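Chemist: Supplied in structure tokens, the structure appears directly below.
Okay, structure coming up:
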């Protein structure tokens, strides 16, 4: 993906890797697979997934890679949908690992682009371009769905065009799960006709904890909401989120946090970001129980939104006094008293 790095640098890295990776790729991980495998537009899933005999799809390479191993891309191509149930790293930096998703291209009953569901697993994805084909496909099809994992990192990637679902749906069913989005563009997802759709959704289950970090990213042109933090129907669920150096632009609502009565707790920090041109709200919070939801905002520009900031119910939306709020249809106000920078 040229916007995040140099293709020339990647080409040089490929040359070095090709000269020394074949012996490493041939080494068995001890569980019937290799520690490192390779995919290519010119590959074949009957191959051993080495640099000189690459596989064609992520699914083909995944089956030949040990838990904790790595899949590398040799060239840009579409490598297909994947269900991940073990620790894995998939690196396609400076190329483009395309995943097209529709109702006729996927696993019946599980058509999301990437599904991650494994207790305690660690997953890293880099250099992806997940495309939902706009109006094609089934309802509730998402770009990336996380059901269970210890840590998921997505970087240098795009997730776009999932009109009937979320670009990224982070919904751990149990335990504690972490999601880091680093230099990720989440754009043009969701539709008004599908309320459970939009950009990024954090929706932990009962007793589950979801920890989200969004860095140097863009959340743009999504229907319904750009970033949704919500504990509806999830007793004792917990969400902790940090969003930094991120553009949240031209969504229906920018960042929304909602913790209804007798559900879970939400805490988030929004800093060094731009929240602009969101037609309904820039930042909005709503809670039904005192102490259940606290949002903190620092060094952020909130302008040209329908309403800049709104806190409803018992929620707290606090400012460190360093934000720029103005030029909205209604600017709104933060909770008082404000926070003291330290």
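Numbering (the working numbering), first residue to last: 96 to 437.
For each residue, glycine too, the CB sits at the ideal point set by N, CA and C.
All figures in this text were calculated on a predicted structure; none of them were measured in a lab.
What runs of the beta strand (DSSP E), each 3 residues or longer, lie entirely inside the stretch 241-274?
Modeler: Qualifying beta strand (DSSP E) stretches, in chain order: 246-257, 261-265.
Chemist: The alpha helix (DSSP H) that contains residue 330, what's its start and end?
Modeler: Per DSSP, residue 330 belongs to no alpha helix (DSSP H) and is neither H nor E.
Chemist: Taking all protein chains shown into account, decide if residue 204 is buried (16 or more other Cβ within 10 angstroms of its Cβ) or exposed.
Modeler: Here the model assigns residue 204 a pLDDT of 44, short of 50, so the residue's position is not dependable, and the following value carries that caveat. By the neighbour-count rule (16 or more Cβ atoms within 10 Å), residue 204 is not buried but exposed.
Chemist: Mapping DSSP to helix, strand and coil, what is residue 427?
Modeler: Residue state, collapsed to three classes: strand.
Chemist: Going by beta carbon distance, what residues of the same chain come within less than 7 Å of residue 236, once the five residues before and after it are set aside?
Modeler: These residues qualify, in order along the chain: 196, 206, 207, 227, 257, 259, 260.
Chemist: Determine the burial state of residue 349: buried for a count of at least 16 other Cβ atoms within 10 Å of its Cβ, exposed for fewer.
Modeler: The residue in question, residue 349, is buried, as its Cβ has 16 or more Cβ neighbours within 10 Å.
Chemist: With distance defined between alpha-carbon atoms, name the residue in 357, 247, 308 nearest to residue 301.
Modeler: With distances taken between Cα atoms, residue 301 lies closest to 357.
Chemist: So, at 8 Å on beta carbons, what are the nonlocal neighbours of residue 360 in its own chain, with the 5 sequence-adjacent residues on each side left out?
Modeler: Hits under 8 Å: 326, 332, 333, 334, 354, 386, 387, 388.
Chemist: Is the CB-CB distance between residue 129 and residue 180 below 8 Å?
Modeler: It is not a contact, given that the beta carbons lie outside the stated cut-off.
Chemist: Count the other CB atoms within 10 Å of the CB of residue 376; is the residue buried (16 or more) or exposed (fewer)?
Modeler: Buried, by the Cβ-count rule.
Chemist: Are there any heavy atoms of the ligand GDP lying less than 7 Å away from the beta-carbon of residue 265, as far as the coordinates show?
Modeler: For the ligand GDP, the structure offers nothing, since it holds no ligand at all.
Chemist: Helix, strand or coil for residue 153? Go by DSSP, reduced to three states.
Modeler: Residue 153 falls in the helix class under three-state DSSP.
Chemist: Going by C-alpha to C-alpha distance, which of 321, 398, 390 sits closest to residue 502?
Modeler: Because residue 502 is not part of the residues shown, which for the chain are 96 to 437, the question remains open.
Chemist: Given residue 193, which residues of its chain have a CB within under 6 Å of its CB, disregarding the five upstream and five downstream residues?
Modeler: 173, 224.
Chemist: Could you compute how far the alpha carbon of residue 379 sits from the alpha carbon of residue 137?
Modeler: Computed Cα separation, rounded: 48 Å.
Chemist: Our contact map puts residue 312 next to residue 337 with C-beta atoms below 8 Å; I'd like the distance itself, whole angstroms only.
Modeler: Contact doesn't hold; Cβ gap of about 12 Å is too wide.
Chemist: Determine the DSSP secondary structure at residue 401, reduced to helix, strand or coil.
Modeler: Residue 401 falls in the coil class under three-state DSSP.
Chemist: Pull up the distance between the alpha-carbon of residue 330 and that of residue 142, whole angstroms please.
Modeler: Computed Cα separation, rounded: 48 Å.
Chemist: Using DSSP with H/G/I as helix, E/B as strand and the rest coil, what is residue 353?
Modeler: Here residue 353 sits in strand by DSSP.
Chemist: Would you mind giving the Cβ-Cβ distance between residue 397 and residue 364, rounded to the nearest angstrom? I have them listed as a contact below 8 Å.
Modeler: With a Cβ gap of about 15 Å, residue 397 and residue 364 do not count as contacting.
Chemist: Per DSSP, which one or two residues make a beta bridge with residue 434?
Modeler: Residue 434 is not bridged to any residue.
Chemist: Write down the C-beta distance between residue 248 and residue 275 rounded to the nearest angstrom, noting that I regard them as a contact closer than 8 Å.
Modeler: Their Cβ separation, rounded to whole angstroms, is 5 Å, which keeps residue 248 and residue 275 in contact under 8 Å.
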